[in-house]
Amino acid sequence: MNLSTLRQDIPAGLVVFLVALPLCLGIAQASGLPPFVGLLTGVIGGLVVTTFSPSKFAVSGPAAGLVTIVTGAIETLGSFSALLLALIIAGVLQFLLGVARAGRFITLVPGTVIKGMLAAIGILLIIQQIPVALGASGENELSAMVTGGAFTVSVSAIVVSMTGLFILWFWSTPTVKRIKVLSWIPGPLVAVLFGCLVTVVGGRMFPELIASLPRISLPSFDSLQALTGELERPDWTAWQNPAVYMIAATLAIVASLETLLSQEALKKLRPQNPAPSPDKEMRAQGIGNLISGFLGGLPITAVIVRSSVNVSVGAQSKISILVHGVLLLVCGLYFSEMLNAIPLASLAAVLLHTGYKLATPGLFVEHIRKGAQQYVPFLATIGGILVFGMLAGIGIGLATQILFSIYKSHRNALLLTRYDDHYVLRFQQNLTFMHNPRLKGLLAEIPENSVVIVEHDNAEYIDPDVKAVLQDFGESAVKRGIVLNQWPVQLA
Numbered sequence: 066m067n068l069s070t071l072r073q074d075i076p077a078g079l080v081v082f083l084v085a086l087p088l089c090l091g092i093a094q095a096s097g098l099p100p101f102v103g104l105l106t107g108v109i110g111g112l113v114v115t116t117f118s119p120s121k122f123a124v125s126g127p128a129a130g131l132v133t134i135v136t137g138a139i140e141t142l143g144s145f146s147a148l149l150l151a152l153i154i155a156g157v158l159q160f161l162l163g164v165a166r167a168g169r170f171i172t173l174v175p176g177t178v179i180k181g182m183l184a185a186i187g188i189l190l191i192i193q194q195i196p197v198a199l200g201a202s203g204e205n206e207l208s209a210m211v212t213g214g215a216f217t218v219s220v221s222a223i224v225v226s227m228t229g230l231f232i233l234w235f236w237s238t239p240t241v242k243r244i245k246v247l248s249w250i251p252g253p254l255v256a257v258l259f260g261c262l263v264t265v266v267g268g269r270m271f272p273e274l275i276a277s278l279p280r281i282s283l284p285s286f287d288s289l290q291a292l293t294g295e296l297e298r299p300d301w302t303a304w305q306n307p308a309v310y311m312i313a314a315t316l317a318i319v320a321s322l323e324t325l326l327s328q329e330a331l332k333k334l335r336p337q338n339p340a341p342s343p344d345k346e347m348r349a350q351g352i353g354n355l356i357s358g359f360l361g362g363l364p365i366t367a368v369i370v371r372s373s374v375n376v377s378v379g380a381q382s383k384i385s386i387l388v389h390g391v392l393l394l395v396c397g398l399y400f401s402e403m404l405n406a407i408p409l410a411s412l413a414a415v416l417l418h419t420g421y422k423l424a425t426p427g428l429f430v431e432h433i434r435k436g437a438q439q440y441v442p443f444l445a446t447i448g449g450i451l452v453f454g455m456l457a458g459i460g461i462g463l464a465t466q467i468l469f470s471i472y473k474s475h476r477n478a479l480l481l482t483r484y485d486d487h488y489v490l491r492f493q494q495n496l497t498f499m500h501n502p503r504l505k506g507l508l509a510e511i512p513e514n515s516v517v518i519v520e521h522d523n524a525e526y527i528d529p530d531v532k533a534v535l536q537d538f539g540e541s542a543v544k545r546g547i548v549l550n551q552w553p554v555q556l557a
């Protein structure tokens with residue numbers, strides 16, 4: 066860290082804080098947890114993970130992409146405290162993956178599966194946040210809306226969420242980007258400030274209308290004992306539950322994927338020389354999740370939205386990220402009453418906008434235009450995650466992509482080209498017994514009294530079963546008047 070960069074890093078840290086604050090609160094709320102948990106996670110990501118991370122610009126904290134895993138895990142395990150134990154185990158797994166230098170394997174995950182995972186997360190976020198945008202607060206009202214039960218729609222919540230969405234859309238238009246002063250103010254912050262304005266001003270002018278507008282509820286802390294009393298502890302007895310280990314593995318894999326993908330994307334925005342080690346980053350994230358589990362926080366990942374903001378506003382070192390972490394801590398400790406003016410509908414608007422950006426219709430159109438090899442694994446990943454869960458969905462997407470790749474590889478391994486009565490059979494790669502059906506089909510297309518030329522320089526290995534097929538064809542070729550040139554098998 067270089068203290069000479071403070072002039073750029075402190076303003077950058079302030080902007081990142083303003084972007085991170087509504088996201089931290091909203092992600093905790095979307096997970097069915099107190100907003101304070103989101104702030105705590107942001108502080109751990111901003112201070113602890115940053116200390117150990119090799120990246121100067123990657124901002125870590127609670128991620129919208131893990132909301133669905135968190136909510137599903139709490140339902141499966143029966144309590145948040147049991148999830149905290151799973152998070153501790155996930156942190157240990159991440160650290161061990163970093164020690165084992167598993168970060169390099171991120172390049173093996175196909176882009177279709179990664180984009181499918183992000184799109185599925187976006188769809189789930191939208192599904193979860195629509196009830197909140199309409200005025201639901203608490204699990205009972207959310208459950209009632211999902212099951213079709215009695216649910217009271219809040220007009221004030223709809224106005225706040227719809228206006229928030231409009232602000233977020235407007236802030237992404239060229240009009241705002243051309244105005245330097247506005248472009249430096251984060252759109253999510255403006256949406257949240259509008260919600261606060263409705264709460265404060267509307268509460269005085271239309272108290273009955275604002276009474277139906279649910280707001281966040283942060284505790285105020287008079288002492289260190291009050292703070293520690295608010296933190297939830299891990300349920301150590303949950304170690305006997307096998308589901309804890311499955312959820313821990315899911316958290317470790319998905320959090321690592323999101324972190325390493327964010328790091329790859331960040332390289333394109335702001336290259337570092339030398340590039341940050343993915344293995345060191347995984348170890349840093351593992352330490353962060355371990356501590357977050359102990360203290361009662363949410364899963365942590367490096368987040369590309371906050372990281373890209375950090376870069377775009379001119380950050381020069383880790384100091385900007387540390388500043389953002391300190392500001393989150395101060396805000397949670399001393400300004401809780403001010404934050405309690407934020408409506409849940411404003412946070413829902415921020416998360417709905419985030420979900421839309423992850424699952425934009427253009428992404429689906431792009432994959433469909435690229436053909437079945439792209440859109441089938443993409444849609445299989447989305448469908449798998451929506452129906453079976455995150456880890457199973459990623460596995461389905463990977464399996465689908467592998468099958469398509471094997472199919473294409475086999476189709477292109479052998480090529481038959483005709484030039485009048487001459488046929489050129491090209492071996493594009495090494496051949497195994499799995500290529501026999503394709504080989505037999507091509508050989509069957511060759512008519513009598515033809516000349517067959519075989520180009521096999523690219524095949525260093527030909528399986529004995531393949532040689533047997535070529536041997537049979539070669540022996541019958543003489544009887545059919547077929548002339549063989551450069552035949553790769555000796556005929557008796």
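Yeah, the sequence shown ends on 557 if you go by the numbering used here, and it's all consecutive.
Even for Gly, the Cβ is constructed at its ideal location relative to N, Cα and C.
In the three-state DSSP reduction, asparagine 550 falls in the strand class (E or B). A Cβ-Cβ separation of about 3 Å places glycine 229 in contact with alanine 414 under the 8 Å criterion.
Taking the C-beta atoms as reference points, isoleucine 154 is found nearer than 8 Å to alanine 313. Sorting Phe160, Gly358, Phe170 and Thr419 by C-alpha distance to the C-alpha of alanine 128 places Thr419 at the top. About 6 Å separates the beta carbon of arginine 335 from that of phenylalanine 122, a gap short enough to meet the 8 Å contact definition. Residue burial is scored here from C-beta neighbours: tryptophan 236 has at least 16 other C-beta atoms within 10 angstroms and is therefore classed as buried. For alanine 129, there is no enclosing alpha helix (DSSP H), as DSSP marks it with neither H nor E. Contact between phenylalanine 492 and aspartate 528 is absent: CB atoms are separated by about 12 Å, not below the 8 Å threshold. By the criterion of at least three beta-carbon pairs nearer than 8 Å, the stretch 368-380 is not in contact with the stretch 162-180. DSSP places arginine 491 inside the beta strand (DSSP E), whose first and last residues are 487-492. Under a 10 Å Cβ-count criterion, methionine 455 is classified as buried, with 16 or more other Cβ atoms of the shown protein chains found around its own Cβ. Within the stretch 223-287, the alpha helix (DSSP H) runs of at least 4 residues that lie entirely inside it are, in chain order, 239-243, 245-248, 252-270 and 272-275.
Listed in chain order, the alpha helix (DSSP H) elements of length 4 or more contained wholly in the stretch 451-509 are 455-478 and 501-509. Here the alpha carbon of serine 373 sits roughly 22 Å from the alpha carbon of asparagine 354. Listed in chain order, the non-local C-beta contacts of lysine 332 below 7 Å within the same chain comprise Ala340, local neighbours out to five positions each way being set aside. Within the same chain, Cβ atoms closer than 6 Å to the Cβ of arginine 166 are found at Asp344, the five residues on either side in sequence being excluded. For isoleucine 527, no beta strand (DSSP E) run applies, since DSSP gives it neither H nor E.
In this structure, the straight-line span from the alpha carbon of proline 553 to that of valine 517 is close to 12 Å. For alanine 184, the three-state secondary structure derived from DSSP is helix. Annotation: the continuous beta strand (DSSP E) that includes valine 516 extends over 516-520.
The beta carbon of isoleucine 407 sits closer than 7 Å to those of Leu90, Val257, Gly260, Cys261, Arg280 and Ile281, all from its chain and outside the five residues before and after it, given in chain order. Around the beta carbon of lysine 180, 16 or more other beta carbons lie within 10 angstroms, which makes this residue buried.
By alpha-carbon distance to serine 541, the top candidate from Gln159, Val519, Ile511 and Asp522 is Ile511. For the pair alanine 95 and leucine 387, the Cα-to-Cα distance works out to about 25 Å. Of Arg298, Gly267 and Gly137, the smallest CA-CA separation from serine 146 is found for Arg298. The beta carbon of leucine 549 sits closer than 7 Å to the beta carbons of Val517, Gly539 and Ala542 from its chain, once the five residues preceding and following it are set aside; these are given in chain order.
With fewer than three CB-CB distances shorter than 8 Å, the stretch 384-402 does not count as touching the stretch 184-192.
In the displayed model, isoleucine 511 falls within coil according to three-state DSSP, outside both helix and strand. Separation of valine 430 and threonine 133 (C-alpha to C-alpha, rounded to the nearest whole angstrom) is 25 Å. With a 10 Å radius around the Cβ and a threshold of 16 neighbouring Cβ atoms, glutamate 525 comes out exposed. Phenylalanine 443 has its alpha-carbon roughly 33 Å from the corresponding atom of valine 241.
Serine 357 and leucine 105 have their alpha carbons spaced roughly 8 Å apart. Within 10 angstroms of the beta-carbon of arginine 371 lie 16 or more other beta-carbons, which makes it buried. At the C-beta level, leucine 490 and valine 519 come within 8 Å of one another.
Of all alpha-carbon atoms in Leu417, Val534 and Tyr472, the one lying nearest the alpha-carbon of isoleucine 92 is that of Leu417. Listed as beta-bridge partners of threonine 366 by DSSP are Gly126.
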